[in-house]
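What follows is a short report on a single structure.
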């Protein structure tokens, strides 16, 4: 964690780093990187990035339960969830050479894990640097998706991932 | 004779040691008083509130003193970035220590990330010093319920925290600091927050009243000059009025 830049005054932009995942946190956002336990194998734990323009409580679900309910029309929630290495480069997790920004056309109410009136979401599965991920984005208002896409991409642009070897460990 | 000299020398050594001990105690006492003074504590003043050391709600003109974002780690070791201005509820940053006796009541009291005090809802974030100065294990054990605990020496520096317990109340949206101070009891924390919110409302009402008063004075002045609201002379194009 360190300061990587300054905007107005002395308020810094924060950067978090854990388990080969980094996120630059824009002003007005909160973020956490934690490890989640897979239900079918308690011994394997993979990191997950949560970021939102609302407070992130200590207790929250992988896909934002306990957070998405609190989004106003102008808020955004993002999760970058890593899966087990066996999923890498499979049909669902096709390999990409970047974490692509979210497009407004990707956002739709049917993409939500949990339907909340007014909200929309996007789910994208991919393998990047030999690590399989799901990027899950929720916006507070489908009607405001153009503006909220730009807001979401402020965060997505700051996501970086370290290369993993074939065994699944990050370098 | 030798015995008498030895006795005198022995006594002199004992007296010197006692002088050094007393000087040390006095110096330590002076240091304690100095630190308490920095926290705003006056021990010669009677304390009528429950466990209150000092309460000093700080009036910060809106927008002039903004609560900075900060990062740290949770007691579980997860990196965390906190933005006190985010969300729709005011944020209460509670700077606590795992070892101070005055903090124990607050560790117990803050058992959720949202608490209701005096009719108002607050988001609570407990902030300890970083893991190089505090024990994450101890912080994890003291954490009650779902309250957020962030270990961050950076936050203590940014908020210039003089010692624990210390509290900062932050307005949502603007991130303005509406109150900050030190207290040792939960009842006086309630008073502190109530005063902060009350002072903020008073500040807004006064500012609105001042604006209205200024507008009325301008209208009166214009009327005395023969200008009523809607007078075409109030709406002119550049160059229409002779310099």
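Residue numbers (the numbering used here), protein chains in the order written: chain A, 47 to 217; chain B, 119 to 361. Ideal Cβ placement from N, Cα and C applies to all residues, glycine included. None of the values given here were measured: they were computed from a predicted structure.
Going by the CB atoms, is the gap between residue j and residue i shorter than 8 angstroms?
i, j, result
"residue 306 of chain B", "residue 77 of chain A", "no"
"residue 300 of chain B", "residue 277 of chain B", "no"
"residue 229 of chain B", "residue 243 of chain B", "no"
"residue 186 of chain A", "residue 95 of chain A", "no"
"residue 129 of chain A", "residue 92 of chain A", "yes"
"residue 296 of chain B", "residue 304 of chain B", "no"
"residue 269 of chain B", "residue 193 of chain B", "yes"
"residue 169 of chain A", "residue 155 of chain A", "no"
"residue 184 of chain A", "residue 114 of chain A", "yes"
"residue 31 of chain A", "residue 291 of chain B", "Chain A is shown from 47 up to 217; residue 31 of chain A falls before or after that span and cannot be answered."
"residue 264 of chain B", "residue 105 of chain A", "yes"
"residue 120 of chain A", "residue 190 of chain A", "yes"
"residue 176 of chain A", "residue 134 of chain A", "yes"
"residue 153 of chain A", "residue 195 of chain A", "yes"
"residue 257 of chain B", "residue 216 of chain B", "yes"
In terms of alpha-carbon separation, which member of the options lies closest to residue i?
i, options, result
"residue 190 of chain B", "B/245, B/205, B/230", "B/245"
"residue 197 of chain B", "B/254, B/261, B/260", "B/254"
"residue 70 of chain B", "B/210, B/272, B/282, B/251", "Only positions 119 to 361 of chain B appear in the structure, and residue 70 of chain B is not among them; the question remains open."
"residue 143 of chain A", "A/123, A/104, A/110, A/172", "A/172"
"residue 271 of chain B", "B/259, B/261, B/247, B/256", "B/247"
"residue 198 of chain A", "A/111, A/93, A/64, A/125", "A/125"
"residue 66 of chain A", "A/203, A/174, A/155", "A/174"
"residue 160 of chain A", "A/68, A/108, A/69", "A/108"
"residue 132 of chain A", "A/104, A/178, A/79", "A/178"
"residue 207 of chain B", "A/141, A/117, A/136", "A/117"
"residue 183 of chain B", "B/125, B/227, B/298, B/226", "B/298"
"residue 81 of chain A", "A/75, A/141, A/127", "A/127"
"residue 192 of chain A", "A/75, A/151, A/138, A/79", "A/151"
"residue 302 of chain B", "B/249, B/227, B/335", "B/227"
"residue 209 of chain A", "A/75, A/162, A/141", "A/141"
"residue 162 of chain A", "A/75, A/188, A/79", "A/188"
Give me the chain E residues within the contact set of residue i, using Cβ-Cβ distance strictly less than 7 angstroms, ordered along the chain.
i, result
"residue 200 of chain B", "Included in the structure are the protein chains A and B, with no chain E among them."
Report the rounded CA-to-CA distance for residue i versus residue j, giving the unit in angstroms.
i, j, result
"residue 167 of chain B", "residue 235 of chain B", "In this prediction, residue 167 of chain B scores a pLDDT of 40, lower than 50, which makes its location untrustworthy; no coordinate-derived value is stated."
"residue 180 of chain A", "residue 102 of chain A", "19 angstroms"
"residue 135 of chain B", "residue 120 of chain B", "22 angstroms"
"residue 213 of chain B", "residue 252 of chain B", "12 angstroms"
"residue 309 of chain B", "residue 275 of chain B", "26 angstroms"
"residue 259 of chain B", "residue 223 of chain B", "14 angstroms"
"residue 149 of chain A", "residue 202 of chain B", "29 angstroms"
"residue 202 of chain A", "residue 145 of chain A", "8 angstroms"
"residue 127 of chain B", "residue 143 of chain B", "24 angstroms"
"residue 279 of chain B", "residue 68 of chain A", "29 angstroms"
"residue 111 of chain A", "residue 240 of chain B", "20 angstroms"
"residue 207 of chain A", "residue 231 of chain B", "30 angstroms"
"residue 96 of chain B", "residue 261 of chain B", "A query on residue 96 of chain B cannot be resolved here, the shown segment of chain B reaching from 119 to 361 and no further."
"residue 187 of chain B", "residue 286 of chain B", "13 angstroms"
"residue 182 of chain A", "residue 351 of chain B", "59 angstroms"
"residue 132 of chain B", "residue 123 of chain B", "14 angstroms"
"residue 141 of chain B", "residue 150 of chain B", "14 angstroms"
"residue 129 of chain B", "residue 138 of chain B", "14 angstroms"
"residue 293 of chain B", "residue 210 of chain B", "11 angstroms"
"residue 62 of chain A", "residue 353 of chain B", "55 angstroms"
"residue 160 of chain B", "residue 146 of chain B", "A caution first: residue 160 of chain B carries a pLDDT of 46, below 50, which makes its placement in the model too unreliable to give a value."
"residue 163 of chain B", "residue 311 of chain B", "Here the model assigns residue 163 of chain B a pLDDT of 44, short of 50, so the residue's position is not dependable, and the following value carries that caveat. Spanning the two alpha carbons is a distance of roughly 23 angstroms."
"residue 225 of chain B", "residue 205 of chain A", "34 angstroms"
"residue 73 of chain A", "residue 98 of chain A", "11 angstroms"
"residue 314 of chain B", "residue 233 of chain B", "16 angstroms"
"residue 345 of chain B", "residue 330 of chain B", "19 angstroms"
For residue i, list the residues DSSP reports as bridge partners.
i, result
"residue 116 of chain A", "None, per the DSSP bridge assignment."
"residue 209 of chain B", "B/241, B/288"
"residue 297 of chain B", "B/287"
"residue 218 of chain B", "Residue 218 of chain B is not bridged to any residue."
"residue 269 of chain B", "B/191, B/246"
"residue 167 of chain A", "A/154, A/184"
"residue 81 of chain A", "A/93"
"residue 234 of chain B", "B/239"
"residue 174 of chain A", "A/142, A/177"
"residue 124 of chain A", "A/97, A/183"
"residue 200 of chain B", "B/188"
"residue 251 of chain B", "Bridge partners of residue 251 of chain B: none, in fact."
"residue 68 of chain A", "A/63, A/206"
"residue 26 of chain A", "Shown here, chain A extends from 47 to 217; a query on residue 26 of chain A therefore has no answer."
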